[in-house]
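Undergrad: Next up is a structure, given as structure tokens.
Protein chains: 2
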Amino acid sequence: MDSSELKRAGLKATLPRLKILEFLETSKVRHMSAEDVYKALLESGEEVGLATVYRVLTQFEAAGLVVRHHFEGGQSVFELEQGKHHDHILCVRCGRVDEFVDETIEERQKKIAKEKGYAMTDHSLYIYGVCGDCQKNG
Amino acid sequence: MDSSELKRAGLKATLPRLKILEFLETSKVRHMSAEDVYKALLESGEEVGLATVYRVLTQFEAAGLVVRHHFEGGQSVFELEQGKHHDHILCVRCGRVDEFVDETIEERQKKIAKEKGYAMTDHSLYIYGVCGDCQKNG
DNA sequence: AATAAGAATGAGAACTCTTCTCATTTTCGT
DNA sequence: ACGAAAATGAGAAGAGTTCTCATTCTTATT
């Protein structure tokens, strides 16, 4: 396990943090709730408390290692930071998540914020729909 | 009090529903949580249970009288339906909420959904920032 | 490598928002 | 006005998340 990423983020290289980071980096699923991370670690035999998972994910978010999303459904979803901003389109049927970037939308948002007199700090855009597979399968 | 709106929406004209609807229609604040509605009714001497407020707002949403938003911060916020779709820009400092419509963004969203193979059902766009007043005052 | 000080962890309590349960009350067609 | 069906209110319960605090781990220093 490599602790340099944590150190670079200003976090001590503790075992739980290393395990969580490693899991996020090796998982094929990119968007996970705290509970998802907790369960996955348990199943792979790692002993990490749920409170720690929440704490660590929040720290990772503050450190910019991870991005937190508020998809519909109430619980936070975390995603490894990949450097490039993107928005999400999700399937309301199966929960699938796809990503996209649209420069035109980005520009319009900046324009709107300026027009309304806001200093824009952030934005979130979610498109909901039924994905191709779910349209076929009923 | 006018019960025709409720009847039109397929809901019995009960006292709690009338009071809640009237409150939503006369309030100057347009975006309110269930708790906000509950407290406001209490203060004006109306006896309505919190569970009923939640239930009724959810029914109003299903009936299309009201739109539910998931602003950051965990709790649902409700807004009287005004016929015309719009998105929101909110101040992270004072909580102020402004509305906007941008046809270009709407179009791009449809295009993206189509490209990704989704049958779009809905979308949510929130811009966060610091409003003009808050920029001046610190 | 041992130590000591401070930070992090884990278990469960606690908290917030929301929904559920069910006995009681209200609505509305007749 | 009556009665069946629906709605309400109070509190319990549930989901997700944060907090508390005693114990354990990390790391800088010997």
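Read top to bottom, the protein sequences are chains V and A. So that you can map any letter, position 18 of the first sequence is 22 in the numbering used here, and since no number is skipped, the others follow by simple counting. So that you can map any letter, position 35 of the second sequence is 39 in the numbering used here, and since no number is skipped, the others follow by simple counting. We put the CB at the ideal spot given by N, CA and C, even for glycine.
Under 9 Å, do V:Cys135 and V:Asp91 count as touching if we go by C-beta distance?
TA: Position 131 of the first sequence, counted from the first residue, corresponds to residue 135 of chain V. Position 87 of the first sequence, counted from the first residue, corresponds to residue 91 of chain V. The answer is no: Cβ separation not under 9 Å.
Undergrad: Which chain V residues sit within Cβ distance under 7 Å of A:Ile93?
TA: Counted from its first residue, the second sequence places residue 93 of chain A at position 89. Residues of chain V passing the Cβ test: Ile116, Ala117, Lys120, Tyr122.
Undergrad: Kindly indicate if chain A contains any beta-carbon less than 9 Å away from that of V:Tyr58.
TA: What you label residue 58 of chain V is simply residue 54 of the first sequence in a count that begins at 1. By this cut-off, V:Tyr58 is not an interface position.
Undergrad: Just checking my contact of V:Thr125 with A:Tyr132 at CB under 8 Å: how many whole Å lie between their CB atoms?
TA: Stepping through the first sequence from its first residue, residue 125 of chain V is reached at position 121. Stepping through the second sequence from its first residue, residue 132 of chain A is reached at position 128. So it is a contact: roughly 5 Å between Cβ atoms.
Undergrad: Which residues in the same chain as V:Leu42 place their Cβ atom closer than 6 Å to its Cβ, once the five residues preceding and following it in sequence are excluded?
TA: Residue 42 of chain V sits at position 38 when you count from the first residue of the first sequence. Before going on, a small fix: residue 42 of chain V reads as Tyr here, not Leu. The residues are Leu54, Val57.
Undergrad: Within 9 Å of any Cβ in chain A, is that where the Cβ of V:Phe4 sits?
TA: Only positions 5 to 142 of chain V appear in this structure, which leaves residue 4 of chain V out of reach.
Undergrad: In its own chain, which residues sit with a C-beta less than 7 Å from the C-beta of V:Ala67, not counting the 5 before and 5 after it?
TA: Taking the first residue of the first sequence as 1, we reach residue 67 of chain V at position 63. If we look at V:Ala67 and ignore the five residues flanking it on each side, its Cβ neighbours are Ala13, Gly14, Leu15.
Undergrad: Kindly list, in the order they appear in chain V, the residues whose Cβ is closer than 9 Å to that of A:Phe104.
TA: Taking the first residue of the second sequence as position 1, residue 104 of chain A is located at position 100. Going along chain V in sequence order, the residues near A:Phe104 (Cβ under 9 Å) are Ile116, Glu119, Lys120.
Undergrad: Excluding the 5 residues preceding and the 5 following A:Glu65 in the sequence, name in chain order all residues of the same chain whose CB lies nearer than 6 Å to its CB.
TA: Stepping through the second sequence from its first residue, residue 65 of chain A is reached at position 61. Here the set comprises Arg72.
Undergrad: For a test of the three-state rule: what should DSSP assign to A:Ser48, helix, strand or coil?
TA: Start at 1 with the first residue of the second sequence, and residue 48 of chain A comes out as number 44. A:Ser48 falls in the coil class under three-state DSSP.
Undergrad: So which residues on chain V does A:Glu39 lean against when the C-beta distance must stay under 7 Å?
TA: Taking the first residue of the second sequence as 1, we reach residue 39 of chain A at position 35. Here the premise fails: no neighbours, minimum Cβ distance about 16 Å.
Undergrad: To the nearest angstrom, how far is it from the Cα of A:Gln63 to the Cα of V:Glu83?
TA: Taking the second sequence and counting its residues from 1, one reaches residue 63 of chain A at position 59. Taking the first sequence and counting its residues from 1, one reaches residue 83 of chain V at position 79. Approximately 34 Å between the Cα atoms of the pair.
Undergrad: Does the stretch 115-125 of chain A come into contact with the stretch 110-124 of chain V, if we say contact requires no fewer than three beta-carbon pairs (one atom in each stretch) closer than 8 Å?
TA: Flag = no, the stretch 115-125 of chain A and the stretch 110-124 of chain V do not touch.
Undergrad: For the ligand SAM, I want to know if A:His127 counts as a neighbour, meaning its beta carbon is within less than 8 Å of at least one of the ligand's heavy atoms.
TA: Summarising the ligand content, the structure contains no ligands, and the ligand SAM is consequently not present.
Undergrad: Which first and last residues belong to the beta strand (DSSP E) in which V:Ala123 is found?
TA: As a working mapping, residue 123 of chain V is identified with position 119 in the first sequence. Its beta strand (DSSP E) spans residues 123-134.
Undergrad: I want to verify the contact list: residues of chain A whose CB lies under 8 Å from the CB of V:Ser8, in sequence order.
TA: Start at 1 with the first residue of the first sequence, and residue 8 of chain V comes out as number 4. None at all; the shortest Cβ gap to chain A is about 32 Å.
Undergrad: By how many angstroms is the C-alpha of V:Glu26 removed from the C-alpha of V:Val52?
TA: The count along the first sequence starts at 1 and reaches residue 52 of chain V at position 48. The count along the first sequence starts at 1 and reaches residue 26 of chain V at position 22. Those two C-alpha atoms are separated by around 13 Å.
Undergrad: Opposite V:Arg72 in the DSSP bridges: which residues?
TA: Counting from one through the first sequence, the residue named residue 72 of chain V turns up at place 68. Answer is V:Phe82, bridged to V:Arg72.
Undergrad: What is the DSSP secondary structure of V:Leu94, reduced to helix, strand or coil?
TA: Residue numbering aside, residue 94 of chain V sits at position 90 when the first sequence is read from its first letter. It is a strand residue.
Undergrad: When the cut-off is 9 Å and only beta carbons count, does V:Glu65 lie next to chain A?
TA: On the first sequence, position 61 is the one that residue 65 of chain V refers to. V:Glu65 does not count as touching chain A.
Undergrad: Have a look at the DSSP bridge pairing and note the partners of A:Val101.
TA: Numbered from its first residue, the second sequence carries residue 101 of chain A at position 97. BP columns for A:Val101 point to A:Leu94.
Undergrad: Roughly how many angstroms separate the alpha carbons of A:Gly77 and A:Glu47, rounded to a whole number?
TA: The residue you call residue 77 of chain A lines up with position 73 of the second sequence. The residue you call residue 47 of chain A lines up with position 43 of the second sequence. So the two alpha carbons sit approximately 24 Å from each other.
Undergrad: Consider the Cβ of A:Val134: report whether some Cβ of chain V lies at a distance smaller than 9 Å.
TA: Here residue 134 of chain A is taken as the residue at index 130 of the second sequence, counted from 1. Chain V contact via Cβ: present.
Undergrad: Could you tell me the distance, in whole angstroms, from the CA atom of V:His74 to the CA atom of V:His35?
TA: The residue you call residue 74 of chain V lines up with position 70 of the first sequence. The residue you call residue 35 of chain V lines up with position 31 of the first sequence. If I take the Cα positions, the gap works out to 11 Å.
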